[in-house]
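Heads up: the sequence shown begins at 4 in the working numbering, then just goes up one per residue. Glycine included, every Cβ here is placed at the ideal spot set by N, Cα and C. Please read all numbers here as calculations on a predicted model, not as lab measurements.
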Amino acid sequence: MIKPSHNKDIALTRRGMLKVGAFTLGSTASAFSPWNTQLQATTIQPVLGKGKAESVLVLWMAGGVTQYESFDPKMEAPLEIRGKLQDIQTSLSGVRFGDTMTEMSKIAHKISVIRSFSHHSNDHLISQVMTLSGRVVGRTELFSEPNIGSIVSHLQGPRNGLPGYICLPGITRPGPPPYNFFKSGWMGNQYLPYCVGGLPEQPDFTVGEKLDDPSPEIEEDLIPKSLALTEEVPLTRLTRRASLRQQFDQALKSLDGDQQLIAAETKYKGALRMLSTSALREAFDINQEGNVVRETYGKTKLGGRCLMARRLIEAGAPFIVLDYGYDSDYGNIWDNHNAPSQNHPPIQDMVKRGYHLAGMDKAFAALINDMEQRGLLEKTLVVFLTEFGRTPKINSNGGRDHWGAAGSLFVTGGGVKTGQVIGATDKTGAEVTKHPYSPSDIAATMFTSLGIDHHTFVNDFQGRPRPILEQGEPIAELF
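This is the structure:
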């Protein structure tokens, strides 16, 4: 038995070994965020009789997408509320969207629109953490609460060699200063998401010049550098190194409570697994798709991310958050106050741009249609999320401000009922008048769709039981 006085030396040895392991993988492991690799045998039995989804895809548009110009136009409201844009008839009788949403209006029967997303906060940071975690937080809990995906990763583990929780690309940082809200909190570092984009080169989206009217057609290379085998480190050589390293694992188990070591260890193991399977490496390469498919999604950042999300779902990814909101080329895409520092046109001109609502409309409709045609939609819950809506009145700069009281989302796939509008707002869109649903309710819906009882408990990294959710119930109209 190892004496306590020796633990420090062993910890130093293990840290050294982890550095060596990372070095031998070279660039192949450095960009990986950790995930759990020890729970593959874990199975969660559906307990509510509603769990038909095998995967969840969250379309996370951080910044506050306007509901007036998208899913809840108010043509009967005064001009200072409705603005100059018109609405458009959808495929659902009597249901109209903003006229920028030409493609989504054609498939309204394939989704359930929620016009009653509501909570108490107008603060970006608090609202984003509440939406990503499903938990009510204040300023002191911004980094302590786990993302929904981290809990799903803990309960269901990885699948087909893919991590249990992927953020695509996982580089969005609200601020300034920039904050990383893709967190595992009290679940522990082994449940951090794998961020395809790794660490952003410039996490502060306010830094650097932005063009007045940047092109929407900016394609990204989202293939993680850590998935590129080189001539210097071929797969056979990498496997030999992994085998050698595994010989030391048993002697180091006593240090598994160290969160930094856990993060590094799971990073190494996850990188090795992904590298060893060519099909998984190829799942990240949207260049394997034909030009017609690329054009259908749009050769934009958001279009490419939606296409990669479909490929990863097809490969078996259990939980994906596709993030698009704060960008080095476009600045803060959705937070359209139109303050002078934002370099934006008035919001009703902004929405027509190919990287704004017009591009979102095209990419989301292509994604839903493509997933349906491939048989992926019936087993994947797709949830469009943003942290809050925008103010009823267009401000003096032509923008809309934060509005936690009312916003719009949509849900589809995973066996939920579609072709409906859930909830309603008053004639100005200022208040919810029917069936308000909170971030906790959205989170409960995700868990329920996966067959996870959101009333139960999980253990945190110190072994203490914690409720999966402290409040919230699944949206009844969806089931």
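- Cβ-Cβ distances below 7 Å link Pro179 to Asp207, Thr209 in the same chain, with the five nearest sequence neighbours on each side left out; the list follows chain order.
- For the pair Leu171 and Ile323, the CB atoms are nearer than the 8 Å cut-off.
- By a beta-carbon distance limit of 8 Å, Lys420 contacts Glu480. Their separation comes to about 7 Å.
- With a 10 Å radius around the Cβ and a threshold of 16 neighbouring Cβ atoms, Ala369 comes out buried.
- Excluding the 5 residues flanking it on each side, Leu453 has same chain C-beta neighbours closer than 7 Å at Gly54, Ala56, Val59, Val155, in chain order.
- Of the other Cβ atoms in all chains shown, fewer than 16 fall within 10 Å of the Cβ of Pro468; this residue is therefore exposed.
- By the neighbour-count criterion, in which 16 or more other beta carbons inside 10 Å mark a residue as buried, Pro470 falls on the exposed side.
- Ile154 has no beta-bridge partner at all, per DSSP.
- Residue pairing by DSSP places Ser58 opposite Thr383 in a beta bridge.
- Taking C-beta separations shorter than 7 Å and ignoring five residues to either side along the sequence, the partners of Arg99 in its chain run Pro76, Asp90, Ile91, Gln92, Thr93, following chain order.
- The beta-carbon distance between Ala320 and Leu214, rounded to whole angstroms, is 34 Å. This is too long to meet the 8 Å contact definition.
- In the DSSP assignment, Pro468 falls within the unbroken beta strand (DSSP E) covering 468-470.
- Residue pairing by DSSP puts Lys437 in a beta bridge opposite Ala427.
- In the DSSP secondary-structure assignment, Tyr329 is bridged to Asn335.
- Asn163 is not bridged by DSSP to any residue.
- In the assembly as shown, Leu82 is an exposed residue. Its beta-carbon has fewer than 16 other beta-carbons within 10 Å.
- Of Gly137, Leu472, Thr134, Asn346, the smallest CA-CA separation from Asp332 is found for Asn346.
- Linking Thr299 to Gly307 through their CA atoms gives a straight-line distance of about 10 Å.
- Just measuring C-alpha positions, the residue of Val295, Leu360, Pro343, Asp463 sitting nearest Leu305 is Leu360.
- In this structure Leu388 touches Leu62 by the C-beta definition: roughly 7 Å separates them, less than 8 Å.
- The bridge partners DSSP lists for Thr394 come to none.
- Under the three-state reduction of DSSP output, Arg377 falls in the coil class, being neither helix nor strand.
- For His340, the three-state secondary structure derived from DSSP is coil.
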